Amino acid sequence: MTKLTNIMRKITAVLLMFISMQIHAQQETDSLSFDLEQYQKALDSINKTFTYQRGEVVLGDGLAILNVPEGFKFLDGEQSKRVLSDLWGNPPSEPIGLLFPEDMTPMHDDFTYAVEIEYAEEGYIEDDEAEDLDYDDLLEEMQEDAITGNPERTELGYPTIELVGWASPPYYDQENKKLHWAKELKFEDYDVNTLNYNIRVLGRKGYLNLNAIGDITMLDTFNKDRDNILQSVEFSPGNRYSDFNPDIDKVAAYGIGGLIAGKILAKVGFFAVILKFWKFIAIGAVAMFGGFRKKLFGGKKDA
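Quick note, the sequence shown lines up with residues -25 to -1, 1 to 278 if you use mature numbering (1 follows the signal peptide of the UniProt record, and there is no 0).
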């Protein structure tokens, strides 16, 4: 078992145990009281620790340029790692950053969605097959993969996944080398399905991965924002798809179809947990990072 798997198991166990405790606490409302004012102050205190960028942002040591869309703000990689791992309980990762709607914060009570930006240096992805792909066949393959992977997800402590279908079918912009699609996912015991919106920007040695996750009810909202997000990021000169040099550059082992059919990331499970139990997790994060002097829960059961 790999070190990352061990870490994921530990994080999962702690997160699920915390959720279980908070659900139990909620069910015992007659014996608990909560200082909402103190909670809100701590929440605001955490949110004020973040410094956002707007306008033009250089990504990944000159790898690409992000022109932060109007109505959005950008959180850099180091701060994003804190959000994703420390506050949201995801496995360790190396994000380039997070893109938030202007009115959204990592610890927002009515959290909608954020876009995680990563870079995968897996080689130049040949796109010759793009026009010939049968996305219905590809969907069936992905649905079978999701079912096949569920026993392992259960063993690691994640909820099982059913890939319901395309929330938005794959579309490849041949001219600009940008690919996007959305999946509708159903997680075990979740009442509302999850939206997983994927954007890939192809480059010389790999691709930028822009991944947005929210409830399926956010589809219309994200569709309104999608084009601005798609247009906001470009590889810098020397890193562009057109800069590929077959004599020295690596070619990826898969094409457009393989990129779309890539295994469902384990972290999607964590994002889904955030959406379902957001306030419980926020309470826990406040307790960890807010410096409370008082206990979050207090009081005694009435006689």
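Glycine included, each C-beta is placed from N, C-alpha and C at the ideal position. In this text the structure is predicted, and so the values were computed from the model without any measurement.
Quick one: residues in its chain with C-beta nearer than 8 Å to the C-beta of residue 30, no 5 flanking neighbours on either side, listed in chain order?
42 and 43
Helix, strand or coil, according to DSSP, for residue 190 in the structure here?
strand
Nearest-angstrom beta carbon gap, residue 179 and residue 148 [assumed within contact, 8 Å]
In fact, because the Cβ distance is near 17 Å, the residues do not count as touching under 8 Å.
Between which two residues does the beta strand (DSSP E) holding residue 235 run?
That residue, residue 235, is in no beta strand (DSSP E); its alpha helix (DSSP H) goes 231 to 235.
Please classify residue 107 as buried or exposed, where buried requires at least 16 other C-beta atoms within 10 Å of its C-beta.
exposed
Specify, as a first and last residue, the run of the alpha helix (DSSP H) that residue 121 falls within.
110 to 131
Residue 158, buried or exposed, once every other Cβ within 10 Å from all chains shown has been counted against 16
It is buried - the Cβ of residue 158 has at least 16 other Cβ atoms within 10 Å.
Going by beta-carbon coordinates alone, are residue 105 and residue 231 separated by less than 8 Å?
yes
Below 8 Å CB to CB, which residues in the same chain sit around residue 102 once its five sequence neighbours on both sides are set aside?
So the list reads 147, 149, 152, 177, 230 and 231, once near-sequence residues are dropped.
Tell me which residue opens and which closes the alpha helix (DSSP H) that residue 56 is part of.
52 to 56
Could you check whether residue 196 and residue 87 sit closer than 8 Å to each other, using their CB atoms as the reference points?
yes
Where does residue 205 fall in DSSP's three states?
DSSP places residue 205 in the helix class (H, G or I) of the three-state scheme.
For residue 169, which residues does DSSP report across the bridge?
160 and 190
With a 10 Å radius around its C-beta and 16 neighbouring C-beta atoms as the bar for buried, classify residue 24 as buried or exposed.
exposed
From 58, 63, 48 and 98, pick the residue whose C-alpha is nearest to that of residue 75; which is it?
Closest by alpha carbon: 48.
Considering only C-alpha positions, which residue in the set 160, 71 and 156 is nearest to residue 208?
71
Buried or exposed by the 16-neighbour rule on C-beta atoms within 10 Å, applied to residue 81:
buried
CA-to-CA distance, residue 90 to residue 13, given in whole angstroms
If you draw a straight line from the Cα of residue 13 to the Cα of residue 90, it is about 30 Å long.
Tell whether a beta-carbon distance below 8 Å holds between residue 139 and residue 113.
no
Based on the DSSP output, what are the partners of residue 42 in its beta bridges?
31
What does the Cβ neighbour count give for residue 55, buried or exposed, with the cut at 16 atoms within 10 Å?
buried
If you reduce the DSSP assignment to three classes, tell me which class residue 136 lands in.
strand
Can you tell me whether residue 220 is buried or exposed, with buried defined as 16 or more other CB within 10 angstroms of its CB?
exposed
If you draw a straight line from the C-alpha of residue 122 to the C-alpha of residue 189, how long is it?
22 Å
Report the residue from 216, 77 and 135 whose alpha carbon sits nearest the alpha carbon of residue 100.
216
In three-state terms, what does DSSP make of residue 148?
strand
Roughly how many angstroms lie between the CA atoms of residue 164 and residue 136, to the nearest whole one?
10 Å
Need the endpoints of the beta strand (DSSP E) that residue 74 sits in, please.
For residue 74, the enclosing beta strand (DSSP E) starts and ends at 72 to 76.
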